[in-house]
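At position 78 of the sequence shown (counting the first as 1) the number is 268 in our numbering, and the numbers step up by one without a gap. Written out below as structure tokens is the structure these notes cover.
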Amino acid sequence: MAATVSTPSHIKFRREADGGLVYDHENYGYEDASMYAVSDTVIDVLEFVGDEQSREAVEAEFSPAVVETLVERGVLTDGE
């Protein structure tokens, strides 16, 4: 298991009144960015992680399942 998780540089997010939005600009310039609505929890995790945070701290604050789901979906990445 990775010691840290981070927010990829191509992921941007913002909090809205009823949740949040995540923008995936991985292929910016080659195709349109993906945008999807997310829950407040996802935005909370992204704000908590910032550029990088220990995976243990994020899992303690939210849950291992939430962290793993966000890693699987590419919203967070595993670090060293």
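By construction, the Cβ of each residue, glycine as well, lies at the ideal position given by its N, Cα and C atoms.
query                                                                                        : result
Cα-Cα separation, residue 232 to residue 240                                                 : 12 Å
Where residue 259 falls: helix, strand or coil (DSSP)                                        : helix
Reduced DSSP category for residue 228 - H, G, I as helix; E, B as strand; rest coil          : strand
Inter-residue Cα distance where the pair is residue 204 and residue 210                      : 6 Å
Between the CA atoms of residue 234 and residue 228 - distance to the nearest angstrom       : 10 Å
Same chain only: Cβ atoms within 7 Å of residue 242, ignoring 5 sequence neighbours per side : 194, 196 and 269
Residue 214, DSSP secondary structure in three states                                        : strand
Boundaries (first-last residue) of the alpha helix (DSSP H) holding residue 270              : Neither: residue 270 is in no alpha helix (DSSP H) and is coded neither H nor E.
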